[in-house]
Amino acid sequence: MSNQQTLKILHAGALRKPVVECAKLLDEARPGLDIQLDSCGSRACARQVREGKVVDILALADPMLFDELLGPEYVDKYYIFANDQIVLAYNEFSRGSGEIDAKNWFDILLREEVTFGRSNQHLDPCGYRTLMVWQLAEQYYGRPGLFGQLDQRCRGDLIYPKSYDLASDVLVGKLDYAFEYLCVANQFGLRNLMLPEKINLSNPAHADYYKQSTVSLQGRNSGEMITIPGAPIEFAIAIPKNAENPALAKDFLDLMLSKKGQQILEDCGLIPY
Amino acid sequence: MKEEVQNPAFAYIAGRIDKMLVPTLLYILANEPAHGYGLIQMVNESGFSEIEADPATIYRNLRRMEEDGLVISQWETENNGPARRAYQLSREGHQALDYCVQLINDKVIRMQAFLEQYQREVKKIE
Numbered sequence: 001m002s003n004q005q006t007l008k009i010l011h012a013g014a015l016r017k018p019v020v021e022c023a024k025l026l027d028e029a030r031p032g033l034d035i036q037l038d039s040c041g042s043r044a045c046a047r048q049v050r051e052g053k054v055v056d057i058l059a060l061a062d063p064m065l066f067d068e069l070l071g072p073e074y075v076d077k078y079y080i081f082a083n084d085q086i087v088l089a090y091n092e093f094s095r096g097s098g099e100i101d102a103k104n105w106f107d108i109l110l111r112e113e114v115t116f117g118r119s120n121q122h123l124d125p126c127g128y129r130t131l132m133v134w135q136l137a138e139q140y141y142g143r144p145g146l147f148g149q150l151d152q153r154c155r156g157d158l159i160y161p162k163s164y165d166l167a168s169d170v171l172v173g174k175l176d177y178a179f180e181y182l183c184v185a186n187q188f189g190l191r192n193l194m195l196p197e198k199i200n201l202s203n204p205a206h207a208d209y210y211k212q213s214t215v216s217l218q219g220r221n222s223g224e225m226i227t228i229p230g231a232p233i234e235f236a237i238a239i240p241k242n243a244e245n246p247a248l249a250k251d252f253l254d255l256m257l258s259k260k261g262q263q264i265l266e267d268c269g270l271i272p273y
Numbered sequence: 001m002k003e004e005v006q007n008p009a010f011a012y013i014a015g016r017i018d019k020m021l022v023p024t025l026l027y028i029l030a031n032e033p034a035h036g037y038g039l040i041q042m043v044n045e046s047g048f049s050e051i052e053a054d055p056a057t058i059y060r061n062l063r064r065m066e067e068d069g070l071v072i073s074q075w076e077t078e079n080n081g082p083a084r085r086a087y088q089l090s091r092e093g094h095q096a097l098d099y100c101v102q103l104i105n106d107k108v109i110r111m112q113a114f115l116e117q118y119q120r121e122v123k124k125i126e
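Residue numbers (full-length UniProt numbering), protein chains in the order written: chain E, 1 to 273; chain L, 1 to 126.
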């Protein structure tokens, strides 16, 4: 029998801080709760639920995942609650950071001595969004072959399971740069280079432009591949149909979507809806 | 003599009327309720606003307009699938739009007078 005071939350790593802050608020309002938080890349989160993990709240970094991997068996309704953008995160000692700007970032990254990372596109939306940014950059800057050059330089150990770990390694200097959500860069106190709006996947006004980029990913079933187009970055939250404690989950969801939740999201660098 | 403006939101609007963002949002919402994602696209497509409609600017303005009672928001929860926060104009919002139109009209009249005077006195065109 489930414990009515236990709330299990599975969330995108990028949402760690706002989820923790909202969990603290709920805990203050309802002392004695056992709130269990777990995080990984959003595609990995969705796959865990498909493979039998039971949670009360699922908060992901791409609304598309609910339709693509979870609906209608596991989730029938989800709330799109915030927007973000891809930035290039770095620290004060990152090589080339004194001269990097929105016009030369790719030349700095391609220098032999510079290291940069991204997350795995099959596990984490930040990974496929990074590949989309590179494709759009090739066109935006008029640099044929740029995508291939960046892709060639960012292989193996430089591809992380989730963007949160990537930021951690930039913070300690294991990497010079990482492609991150702005909210993650903010949560780690990293410096960040804002990329042009036409390539940073932030603005619905450029949705048609973003669509020109596509990435192939492992699909719902083993061996199946799907192609997804670029789109503005949004985050979404849901109570799975098999949640053990839907009433408590509803309280948490209401908090995330409330004015207080909006303020927490904004403080973390997200744009709340 | 102009009617005295009581609502502090109206003073905020008057101070930013040149940018045309709030009038554009009010105008779009007067036609039909919309969510922020769609509003960003519609504001940019309209060409009315002097400000580039990025998400941060639009959502900040929508939150302020809601605090001022000009719009009402609620989550679309009737159907399955994706839910978004939808905004609709309140009665105060309709009054604010009328106030915007009055301000724009006044401005158009002054600018028209300027253009006519310029044509007449500088370009010597009758």
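Cβ coordinates follow ideal geometry from the N, Cα and C atoms, glycine included.
Source: prediction; values computed, not measured.
Is there at least one Cβ from chain L nearer than 8 Å to residue i's Cβ?
{"i": "E:E73", "result": "no"}
{"i": "E:S202", "result": "yes"}
{"i": "E:I271", "result": "yes"}
{"i": "E:E197", "result": "yes"}
{"i": "E:L257", "result": "yes"}
{"i": "E:M1", "result": "Below a pLDDT of 50, predicted positions are generally treated as unreliable, and E:M1, at 46, falls in that range; no measurement from the model is reported."}
{"i": "E:A205", "result": "yes"}
Considering Cα atoms alone, identify which of the options is closest to residue i.
{"i": "E:I233", "options": "E:R47, E:V55, E:I35, E:Q85", "result": "E:Q85"}
{"i": "L:R63", "options": "L:E78, L:L25, L:I109, L:N31", "result": "L:L25"}
{"i": "E:R71", "options": "E:A82, E:F81, E:L58", "result": "First, the residue type needs correcting, since residue 71 of chain E is Gly and not Arg in the sequence shown. Selected option, being the one with the closest Cα: E:L58."}
{"i": "E:L166", "options": "E:T227, E:F116, E:I228, E:Y141", "result": "E:F116"}
{"i": "E:A243", "options": "E:L175, E:D56, E:S163, E:H206", "result": "E:D56"}
{"i": "L:T57", "options": "E:E73, E:A61, E:P204, E:D254", "result": "E:P204"}
{"i": "E:Y220", "options": "E:V49, E:L15, E:K17", "result": "Inspection of the sequence shows that residue 220 of chain E is occupied by Arg rather than by Tyr. That would be E:V49, whose Cα lies nearest to the Cα of E:R220."}
{"i": "L:Y27", "options": "L:K107, L:Q117, L:G93, L:D68", "result": "L:G93"}
{"i": "E:C154", "options": "E:P240, E:A249, E:P144, E:Y177", "result": "E:Y177"}
{"i": "E:V172", "options": "E:A89, E:R47, E:D267", "result": "E:A89"}
{"i": "L:A34", "options": "L:S49, L:D18, L:E76, L:A96", "result": "L:E76"}
{"i": "E:E21", "options": "E:L182, E:P144, E:K260", "result": "E:K260"}
{"i": "E:A231", "options": "E:M225, E:A61, E:R111", "result": "E:A61"}
{"i": "E:E68", "options": "L:G81, L:N61, L:M65, L:R60", "result": "L:G81"}
{"i": "E:S39", "options": "E:E99, E:V114, E:S163", "result": "E:S163"}
{"i": "E:I108", "options": "E:V54, E:E73, E:Q149", "result": "E:Q149"}
{"i": "E:Q218", "options": "E:N120, E:E99, E:N91", "result": "E:N120"}
{"i": "E:Q139", "options": "E:R118, E:Y181, E:Y209, E:A249", "result": "E:Y209"}
{"i": "L:E66", "options": "L:E50, L:A86, L:F48", "result": "L:A86"}
{"i": "L:Y37", "options": "E:M225, E:A238, E:C183, E:A207", "result": "E:A207"}
{"i": "E:A247", "options": "E:K53, E:P144, E:K17, E:R30", "result": "E:R30"}
{"i": "L:K107", "options": "L:I17, L:D68, L:S90, L:P8", "result": "L:I17"}
Which residues in the same chain have their Cβ closer than 7 Å to the Cβ of residue i, if we skip the five residues on either side of it in sequence?
{"i": "E:M1", "result": "Because E:M1 carries a pLDDT of 46, less than 50, the predicted location of this residue cannot be relied on, and the following value inherits that uncertainty. Excluding residues within five positions, none has a Cβ falling inside 7 Å."}
{"i": "E:A137", "result": "F106, L146, I199"}
{"i": "E:P63", "result": "Y78, I80, E234, A236"}
{"i": "E:L33", "result": "Q5, L7, L26, D27"}
{"i": "E:R129", "result": "I86, L201, I233"}
{"i": "L:I40", "result": "A53, P55, I58"}
{"i": "E:V19", "result": "I9, H11, L37, A59"}
Using a C-beta cutoff of 8 Å, does residue i count as contacting chain E?
{"i": "L:Y37", "result": "yes"}
{"i": "L:Y87", "result": "no"}
{"i": "residue 143 of chain L", "result": "It is not possible to answer for residue 143 of chain L, since the shown part of chain L is limited to 1 through 126."}
{"i": "L:P33", "result": "no"}
{"i": "L:Q74", "result": "no"}
{"i": "L:V122", "result": "no"}
{"i": "L:I51", "result": "no"}
{"i": "L:N44", "result": "yes"}
{"i": "L:G93", "result": "no"}
{"i": "L:I109", "result": "no"}
{"i": "L:I28", "result": "no"}
{"i": "L:D40", "result": "Reading off the sequence, residue 40 of chain L comes out as Ile, not Asp. Interface residue, yes."}
{"i": "L:N80", "result": "yes"}
Under 6 Å Cβ to Cβ from residue i, same chain only, skipping five residues before and after it: list those, please.
{"i": "E:P229", "result": "K211, T214"}
{"i": "E:N186", "result": "G269"}
{"i": "L:P23", "result": "C100"}
{"i": "residue 292 of chain E", "result": "With chain E covering 1 to 273 only, the question about residue 292 of chain E has no answer from this structure."}
Tell me which residues share the same chain as residue i and place their Cβ nearer than 8 Å to its Cβ, disregarding the 5 neighbours each side in the sequence.
{"i": "E:D151", "result": "L131, W134"}
{"i": "E:A102", "result": "L193, M194, L195, P196"}
{"i": "L:F10", "result": "A96, Y99"}
{"i": "residue 322 of chain E", "result": "A query on residue 322 of chain E cannot be resolved here, the shown segment of chain E reaching from 1 to 273 and no further."}
{"i": "L:E116", "result": "none"}
{"i": "L:N61", "result": "L21, V22, L25"}
{"i": "E:M225", "result": "S216, L217, Q218, G219"}
{"i": "E:I159", "result": "G117, R118, S119, N120, G127"}
Check distances from the C-beta atoms of the region 76-93 of chain E to those of chain L and list, in chain order, the residues that come in under 7 Å. Going along the region 76-93 of chain E in chain order, one finds D76, K77, Y78, Y79, I80, N83 with a Cβ nearer than 7 Å to chain L.
Residues from the region 6-22 of chain L in contact with chain E, defined by Cβ distance under 7 Å: Legend: CB atoms of the region 6-22 of chain L lying less than 7 Å from CB atoms of chain E are not found in any residue.
Contact between the region 92-102 of chain E and the region 100-111 of chain L: three or more CB pairs below 8 Å? Contact fails: fewer than three Cβ-Cβ distances are below 8 Å.
Do three or more CB pairs link the region 124-134 of chain E to the region 42-49 of chain E at distances below 8 Å? They touch, by the three-pair rule.
Name, going along the chain, the residues of the region 40-74 of chain E whose beta-carbon falls closer than 8 Å to a beta-carbon of chain L. Shown in chain order are the members of the region 40-74 of chain E whose Cβ falls below 8 Å from a Cβ of chain L: P63, F66, D67, G71, P72.
Taking contact to mean at least 3 C-beta pairs separated by less than 8 Å, is the region 63-75 of chain L in contact with the region 239-255 of chain E? Contact fails: fewer than three Cβ-Cβ distances are below 8 Å.
Counting only Cβ-Cβ distances shorter than 8 Å, please list the residues of the region 53-68 of chain L near chain E, keeping chain order. A53, D54, P55, A56, Y59, R63: these are the residues of the region 53-68 of chain L whose beta carbon lies less than 8 Å from some beta carbon of chain E, given in chain order.
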